[in-house]
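A short worksheet on the structure shown next.
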Amino acid sequence: MIPQTISAPRTAAQHPAAPHSLSDHVLALLSGSFVASLGLYLLKTGDAVTGGTACLALLVSYAAPLPFGVIFLAVNAPFFVLSVLKKGWNFTIRTMIAVVLVSAFSSIHPLAAPNFHPNPAYAAVTGNLLAGMGLLILFRHQASLGGFNILALILQERYALRAGYVQLALDAIVVLSALAVVTPINVLRSALGAVVLGLVLALTHRPGRYLGA
Numbered sequence: 001m002i003p004q005t006i007s008a009p010r011t012a013a014q015h016p017a018a019p020h021s022l023s024d025h026v027l028a029l030l031s032g033s034f035v036a037s038l039g040l041y042l043l044k045t046g047d048a049v050t051g052g053t054a055c056l057a058l059l060v061s062y063a064a065p066l067p068f069g070v071i072f073l074a075v076n077a078p079f080f081v082l083s084v085l086k087k088g089w090n091f092t093i094r095t096m097i098a099v100v101l102v103s104a105f106s107s108i109h110p111l112a113a114p115n116f117h118p119n120p121a122y123a124a125v126t127g128n129l130l131a132g133m134g135l136l137i138l139f140r141h142q143a144s145l146g147g148f149n150i151l152a153l154i155l156q157e158r159y160a161l162r163a164g165y166v167q168l169a170l171d172a173i174v175v176l177s178a179l180a181v182v183t184p185i186n187v188l189r190s191a192l193g194a195v196v197l198g199l200v201l202a203l204t205h206r207p208g209r210y211l212g213a
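Okay, here's the thing in structure tokens:
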């Protein structure tokens, strides 16, 4: 008998990932935006905050009688310019769609669960966990929720800095600024939740790990 040689495992370069189809991207934008918006709704019902432009929108929504979705869309608008310059139109259009979807879904959740009042600590941790999972779906389909997400992705691509850790550092600054509006205990819960969100991204969205396009 002729001995058979054992071939070495195929590397990512030898076996590249299949590109996403249009239906893959559509489903990802819908599901990622929905999951993220549900997380933000949990944060709002628990009087907690998160990082980035979502935090800024939540803080404004606590002080101004405007729907969160409208504020979130307005706060993200300036960051679309950075996205076009650094990430291109394809990423920017997908991000704009995701932001609009989150704004729309954020208006639906209060109607579906008008009397939902979760435990604040549960809302802070679970809300950030859901937001992180939603962002992970969007990141892997070349989209984001604008704001700091764009900057974190640019730094990861240019300097191999993990997007989750960059997001965590920026979020810490924004969460601390919430002391002007939110009680210290809620800021502490929010900080814990922000760590959860940052770890979700840092541990699951590493440079070079995900090859889908």
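Heads up: the sequence shown is residues 1 to 213, going by UniProt numbering. Even for Gly, the Cβ is constructed at its ideal location relative to N, Cα and C.
Check: Which of the three DSSP states, helix, strand or coil, is assigned to Ala64?; Outcome: coil
Check: Look up His25 in the DSSP assignment and say whether it is helix, strand or coil.; Outcome: helix
Check: Under the rule that 16 or more other beta-carbon atoms within 10 Å means buried, what is Ser21, buried or exposed?; Outcome: exposed
Check: Check this for me: beta carbons of Val125 and Leu179, under 8 Å apart or not?; Outcome: no
Check: What separation, rounded to the nearest whole angstrom, lies between the Cα atoms of Leu111 and Tyr41?; Outcome: 11 Å
Check: With the cut-off set at 8 Å, would you say Ser33 and Gly69 are in Cβ contact?; Outcome: no
Check: Suppose you measure from the CA of Val26 to the CA of Tyr122; what does that come to, to the nearest Å?; Outcome: 30 Å
Check: Give me the Cβ distance between Gly46 and Pro120, rounded to the nearest whole Å; I'm assuming they're in contact under 8 Å.; Outcome: 4 Å
Check: How long is the line joining the alpha carbons of Asn128 and Arg189, rounded to whole angstroms?; Outcome: 11 Å
Check: Kindly indicate which three-state DSSP category Met1 falls into: helix, strand or coil?; Outcome: Confidence at Met1 is low in this model, with a pLDDT of 49, below 50, so the placement of that residue is unreliable and no value is reported for it.
Check: Quick check on the DSSP output: the alpha helix (DSSP H) that includes Val174 runs from which residue to which?; Outcome: 163–177
Check: Is it right to say residue 214 is buried, meaning 16 or more other beta carbons lie within 10 angstroms of its own, or is it exposed?; Outcome: Only positions 1 to 213 of the chain appear in this structure, which leaves residue 214 out of reach.
Check: Please classify Ala48 as buried or exposed, where buried requires at least 16 other C-beta atoms within 10 Å of its C-beta.; Outcome: buried
Check: Taking all protein chains shown into account, decide if Gly134 is buried (16 or more other Cβ within 10 angstroms of its Cβ) or exposed.; Outcome: buried
Check: In the structure shown, what three-state DSSP assignment does Pro118 receive?; Outcome: coil
Check: Give the straight-line distance between the Cα atoms of Ser177 and Ile71, rounded to the nearest whole angstrom.; Outcome: 18 Å
Check: How far does the alpha helix (DSSP H) with Arg158 in it extend, from its first residue to its last?; Outcome: 148–159
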